[in-house]
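If you count the sequence shown from 1, you need to add 872 to reach my numbering.
The C-beta atom is built at its ideal place from N, Cα and C for all residues, glycine as well.
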Amino acid sequence: MPYRSPLFTGFDSCPSPRRGSGSSGDRLVGSQRALRGSRVIELSIVVVSWNRSDLTLSCMAAAESVADLLPDQRVEIILVDNGSADDTVAQVRAHHPSVIVVPFDRNYGFARGANAGAARSAGQVILFLNTDAIVTADVCKSVLAHFARRPQTAIAGPQLLHADGRLQNSAHAFPSILDELIPSWLIDVMVPGRRPAKRAVGSRPRRVQAVQGAAFFVRRAVFESLGGFCEDYFFYLEETDFCWKARERGQWVELLPAQRVLHRAGSSSKEVVPVASRIEYHRSLYRFLRTRSGRFAQLLAITVRMARGVLVVLGLSLCSFAGGEIRRRLRERAALLSWHLRGCPASAGLESVSAERPSG
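Laid out in structure tokens, this is it:
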């Protein structure tokens, strides 16, 4: 039996679909239902919520507008609620009775919630939509037409926008150990084209390594053939891992810059539980590196980020007299460093706080 270090053991991942675990992802296989009753469903909008009923209701209203404006496309909306402590489920049922609601008793993470929603859906294309994203009928109609024109395209993502109209980063390269060792500007010089432009230029579709998960369009057949999202990712990078699997099969991942979706980034867990969110992101990053680049790459990334964390904490400590913002950053970075020094325990992160406090 190979040696396993007692530290950093919480990063096992599922490069292939799991069987017999009773997870919602297992139920995807063989669930190819193109019909909901006698209706052909072209698009299923799947939303995973955790508290923040205000965001969820806005998202549901926009999704219902899509369904109303695209009767020929036949759109269904599925909300998977990850054990919200507020009145999200009751509010959605009261104000949006056409939405299919799948309530969980606790927060099982985004990947499992999304898989459960996909298992209940019937659309030929699935849109996984964040509660802090607002999609329009024009965008959905254009993306469906794009899928019809380009059978090679398995996954598509729109250009995300801030509330003031500024462009957000909507596509990215796969994380690698290169990113940990070399500054990003130098990578762009050494390996031109490895990383997509941070913000889209022009309007033509572009093939990319991965698109952001805030508005993630995927063909049902592809989603099911790949076993859905890997549920070992509680939050962050599950869509990146899925894009990797799709590209391994020769499928195309495309960014559609002409299609614009409002994304109120930072409106959920990042601003409410920033320390847990940082920890969860790092856990997902290390899991991805281990799965896709090997154990050495994972350990090297942990070491580099730990050393960088020491320097950042020391630097912020020297400036802590400057005021509240510096002290806030110091507390966050010190907590993240402490998590690293304790061996990256699985007991910390978003899952540990999900039952204790809401995201809004």
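Consult DSSP for residue i and reduce its assignment to one of helix, strand or coil.
i, result
"residue 922", "coil"
"residue 960", "helix"
"residue 970", "coil"
"residue 1109", "coil"
"residue 1160", "helix"
"residue 1027", "strand"
"residue 1041", "coil"
"residue 1221", "coil"
"residue 1103", "coil"
"residue 1098", "coil"
"residue 1148", "helix"
"residue 984", "helix"
"residue 1063", "coil"
"residue 1172", "helix"
"residue 1018", "helix"
"residue 1214", "coil"
Given residue i, which residues of its chain have a CB within under 8 angstroms of its CB, disregarding the five upstream and five downstream residues?
i, result
"residue 1177", "1052, 1154, 1212"
"residue 895", "Confidence in residue 895 is poor, its pLDDT being 46 and thus under 50, which makes the residue's placement unreliable; the coordinate value appears in the next sentence. For residue 895, where only same-chain residues beyond five positions count, the Cβ hits under 8 angstroms are 984, 987, 1103."
"residue 977", "955"
Going straight from the alpha carbon of residue i to that of residue j, what length do you get?
i, j, result
"residue 1204", "residue 941", "44 angstroms"
"residue 1116", "residue 1027", "11 angstroms"
"residue 1012", "residue 997", "10 angstroms"
"residue 961", "residue 949", "14 angstroms"
"residue 900", "residue 994", "Confidence in residue 900 is poor, its pLDDT being 48 and thus under 50, which makes the residue's placement too unreliable to answer from."
"residue 1047", "residue 1173", "10 angstroms"
"residue 1151", "residue 912", "42 angstroms"
"residue 954", "residue 924", "11 angstroms"
"residue 1146", "residue 1030", "26 angstroms"
"residue 989", "residue 1186", "45 angstroms"
"residue 1040", "residue 1056", "18 angstroms"
"residue 1037", "residue 1132", "10 angstroms"
"residue 1180", "residue 1215", "16 angstroms"
"residue 1059", "residue 1050", "8 angstroms"
"residue 1100", "residue 1114", "8 angstroms"
"residue 1183", "residue 1224", "27 angstroms"
"residue 1196", "residue 1128", "40 angstroms"
"residue 1094", "residue 1083", "16 angstroms"
"residue 1022", "residue 926", "37 angstroms"
Tell me the DSSP bridge mates of residue i?
i, result
"residue 1135", "1005"
"residue 916", "948, 998"
"residue 953", "921, 975"
"residue 1088", "1000"
"residue 1127", "1029, 1078"
"residue 1083", "1043"
On a CA-only basis, which of the options is nearest residue i? Give me that one, please.
i, options, result
"residue 1019", "993, 1034, 1089, 1049", "1089"
"residue 1076", "935, 1130, 1000", "1130"
"residue 937", "1114, 1097, 971", "971"
"residue 973", "1179, 928, 945", "928"
"residue 958", "1183, 980, 1085, 921", "921"
"residue 1164", "1119, 1190, 1179", "1119"
"residue 932", "1000, 1190, 980, 991", "1000"
"residue 918", "1003, 1035, 963", "1003"
"residue 1005", "1135, 930, 1017, 1098", "1135"
"residue 1009", "1156, 1109, 935", "935"
"residue 1221", "1188, 945, 1106", "1106"
"residue 1091", "1193, 1219, 1016", "1016"
"residue 1042", "1097, 951, 1087", "1087"
"residue 1209", "1063, 1054, 1148, 1193", "1148"
"residue 1112", "1096, 1097, 1085, 1121", "1085"
"residue 992", "943, 1096, 1193", "1096"
"residue 1033", "965, 1122, 1007", "1007"
Shorter than 7 angstroms, the distance from the beta carbon of residue i to the closest heavy atom of the ligand HEM, or not?
i, result
"residue 1042", "No copy of the ligand HEM occurs in the structure displayed, which carries no ligand at all."
Counting only the same chain and skipping the five closest in sequence on each side, list residues whose C-beta sits under 7 angstroms from that of residue i.
i, result
"residue 1170", "883, 1158, 1161, 1162"
"residue 1124", "1024, 1025, 1026, 1079"
"residue 975", "953, 961"
"residue 968", "932, 936"
Less than 6 angstroms between C-beta atoms, sequence neighbours within five positions excluded: which residues of the same chain meet that for residue i?
i, result
"residue 947", "915, 938, 939"
"residue 1166", "none"
"residue 1126", "1025, 1028, 1077, 1079"
"residue 905", "Because the pLDDT at residue 905 is just 48, under 50, the model does not fix this residue reliably, and the value given afterwards should be weighed accordingly. Around residue 905: 994."
"residue 1191", "1198"
"residue 1206", "1185"
"residue 1109", "1156, 1160"
Beta-carbon of residue i versus every beta-carbon of chain C: anything under 8 angstroms?
i, result
"residue 1025", "No chain C appears in this structure, which consists of one protein chain only."
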